[in-house]
Amino acid sequence: MANNVISDYIPPGRHRLPPLPYPYDALEPIISSDTLRFHHDHHHKSYVEGLNKAELALVEARRQNNFTFIKYWENELAFNGSGHILHSIYWTIMAPVEFDSEPGRCTMREINKYFGSFDAFLDQLVSATIKVEASGWGILVWNPAFMHLEILTAEKHQNLTQWGTIPILVIDVWEHAYYLDYQYDREQYVKKWLCLINWCEVENRLILAMRGELPLLLAERGPE
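Take the sequence shown: its letter number 31 is residue 209 in our numbering, and every next letter is one higher.
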């Protein structure tokens, strides 16, 4: 839940892969243990490693005052950093089907206020996520500048965002998130994935975001 809020400074190159908050088979039959293990242990890990590598390369660039490859490393920083952030949220806002949570009071109030109804919200979220071009994400965000929720899509993690928005709920539609289980049928994956939403965590994230108390919930902390 909200106990994975972090505020500690993370030095360059010191990001770590957060542990899953449940066993590999906990999301079956919607997400198989093979998919979850491959997705978390390999794909997410690669983003963490890429982020660390980019940060350390930029430390060295500053030390040498040599920015010849700045464009490359800045792209790596944005791509891998965004992948790490979104995946860290993705794991926490899913729960086993039997958890069976319901949208919280704050979540329902804000959804109804902006989207008109919960059904209209779900229809937009599913449609937007299914139609993400190539690989990317469907994202429910809190926009503190506008003081309302918004549904955005992201391609390659770092694109199509709004500055200052805070991710509340994210749906991964890179093929590695569903291909082993659903092949090319992204729509089936997204619609079944809705049953995994941990609405208690979504409620906590939204309340903290509205208070300005939610960094990004990167659950990196663990035994040193």
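Ideal Cβ placement from N, Cα and C applies to all residues, glycine included.
Worksheet item: In three-state DSSP terms, what is Leu255?
Response: Translated into the one-based positions of the sequence shown, residue 255 becomes position 77. Leu255 falls in the helix class under three-state DSSP.
Discussion item. Less than 8 Å between the C-beta atoms of Val275 and Thr307, yes or no?
Written reply: Numbered from its first residue, the sequence shown carries residue 275 at position 97. Numbered from its first residue, the sequence shown carries residue 307 at position 129. Between Val275 and Thr307, the CB-CB gap reaches or exceeds 8 Å.
Worksheet entry | Where Asp363 sits in the DSSP three-state scheme | Within the sequence shown, residue 363 is the residue found at index 185, counting from 1. Asp363 falls in the coil class under three-state DSSP.
Practice prompt. With a cut-off of 8 Å on the beta carbons, I'd call Trp371 and Ile208 a contact; round off their distance for me.
Written response: Locating residue 371 in the sequence shown gives position 193, counting from the first residue. Locating residue 208 in the sequence shown gives position 30, counting from the first residue. Here Trp371 really is in contact with Ile208; their C-beta atoms are around 6 Å apart, less than 8 Å.
Item to complete: Confirm, please, whether the CB-CB distance from Tyr360 to Gln366 is below 8 Å.
Response: Translated into positions along the sequence shown, residue 366 becomes position 188. Translated into positions along the sequence shown, residue 360 becomes position 182. Gln366 is a Cβ neighbour of Tyr360, given a cutoff of 8 Å.
Worksheet item: For the segment 237 to 323, which segments carrying the alpha helix (DSSP H) assignment without a break, of at least 4 residues, lie completely within its bounds, in sequence order?
Response: Taking only runs of at least 4 residues, the alpha helix (DSSP H) segments lying wholly in the segment 237 to 323 are 248 to 270, 283 to 293 and 296 to 308.
Worksheet item: Once you ignore the five residues that flank Glu353 on each side, which residues in its own chain have a CB closer than 8 Å to its CB?
Response: Residue 353 sits at position 175 when you count from the first residue of the sequence shown. Cβ-Cβ distances below 8 Å link Glu353 to Ser313 in the same chain, with the five nearest sequence neighbours on each side left out; the list follows chain order.
Item to complete: Assess, as a yes-or-no matter, whether the segment 209 to 226 is touched by the segment 259 to 266 under the definition of 3 or more beta carbon pairs within less than 8 Å.
Response: They touch, by the three-pair rule.
Worksheet item: Are the CB atoms of Glu238 and Leu255 nearer to each other than 8 Å?
Response: One-based indexing of the sequence shown puts residue 238 at position 60. One-based indexing of the sequence shown puts residue 255 at position 77. No; because the gap between Cβ atoms is not below 8 Å, this pair is not in contact.
Practice prompt. Using three-state DSSP, classify His217 as helix, strand or coil.
Written response: Here the question's residue 217 lines up with position 39 in the sequence shown. Three-state result, His217: helix.
Item to complete: Tell me whether Ala387 is buried or exposed, calling it buried when 16 or more other Cβ atoms sit within 10 Å of its Cβ.
Response: Taking the first residue of the sequence shown as 1, we reach residue 387 at position 209. Classification of Ala387: buried, given that the 10 Å Cβ count is 16 or more.
Discussion item. Would Asn230 and Gly191 qualify as a contact pair, given that the criterion is a beta-carbon distance under 8 Å?
Written reply: As a working note, residue 230 is residue 52 in the sequence shown. As a working note, residue 191 is residue 13 in the sequence shown. Yes, these two residues count as a Cβ contact at 8 Å.
Worksheet item: Start and end of the alpha helix (DSSP H) containing Val348?
Response: For the purposes of this step, residue 348 is taken as the residue at position 170 of the sequence shown. It is not in any alpha helix (DSSP H) - Val348 instead sits in the beta strand (DSSP E) that spans Ile344 to Asp350.
Worksheet item: Tell me which same chain residues have a C-beta within less than 6 Å of the C-beta of His326, skipping the five on either side of it?
Response: Working through the sequence shown from its first residue, we reach residue 326 at position 148. If the five residues before and after His326 are omitted, its C-beta is found closer than 6 Å to the C-beta atoms of Tyr292, all from its own chain and listed in chain order.
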